[in-house]
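The sequence shown begins at 1 in the numbering used here and counts up one residue at a time. Each residue gets a CB set at the ideal place from its N, CA and C atoms; glycine is no exception. Contents: one structure, followed by commentary.
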Amino acid sequence: MSFTNAWHFRRASEVDIPLIRDLCMQVWPATYSSILTPPQLEYMLEWMYSPSSLQEQLRKGAIFWILYHGELPIGYSSFEYIGVNHYKLHKLYVLQEYQGKGAGGFLLSTILQHIKDLGGHSLELQVNRHNKAVGFYKQLGFYIREESDFSIGNGYYMNDFIMQIDLV
């Protein structure tokens, strides 16, 4: 069986918060341990992935999808409408053993089609300037719109590129 035939997703709800957190705890350390200090990694995990933070994101309109390979959850995404035909991708993570096999591209292309179907004209995201995902996004047609540093509290900053893809 090919990987692409086995991938599917479903929309997540508050009952999926433990699953999202479990996937995050598998993906984040592998993704960010060479970029962030352990204290900043811990701070950011609590800031963005505590049960209360995830509940608030869902309540404010973020759409979470869980990606599966067969019956196995292998990743998640989050995006939302932010204004005038413009959307923001907040999260797109796939377990390390599925990276480079098309799973992330499948999920992102599905998100892009969904946004187009909703009348969206563009999708933006923030990505750490040292994250290898910058190349992934460029391959899929995103461009670097700007570079910015965001204070996230506790003396920490996110040093990101803001990338965008235009859909029309």
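When the Cα atoms are used, F150 and V127 turn out to be separated by approximately 11 Å.
Bridge partners of P73 according to DSSP: Y68. Here H8 is bridged, per DSSP, to Y68.
A Cβ-Cβ contact shorter than 7 Å links N85 with G120.
Annotated as distal: W65 and R21, with beta-carbon spacing of 7 Å or more.
Taking 7 Å as the cut-off, the Cβ atoms of I111 and F142 do not count as close.
Proximity of the region 17–31 to the region 91–98 meets the contact definition, three or more beta-carbon pairs being nearer than 8 Å. Distances from the CA of I162 to each of I35, E124 and Y68 were compared; the closest alpha carbon is that of E124.
For G153, the uninterrupted beta strand (DSSP E) run begins and ends at Y143 to G153, by DSSP. With contact defined as three or more Cβ pairs closer than 8 Å, the region 39–49 and the region 150–159 are in contact. Between K116 and L167, the beta carbon gap of about 5 Å places them in contact (Cβ cut-off 8 Å). Shown here, V134 sits in a helix according to DSSP, grouped into three states.
Nearest to K138 by C-alpha distance, out of H114, L118 and L108, is L108. Under the rule that a run must span 4 or more residues, the alpha helix (DSSP H) segments found entirely inside the region 94–139 read 103–117 and 133–139. Within the model, the alpha-carbon separation for E14 versus A103 is close to 24 Å.
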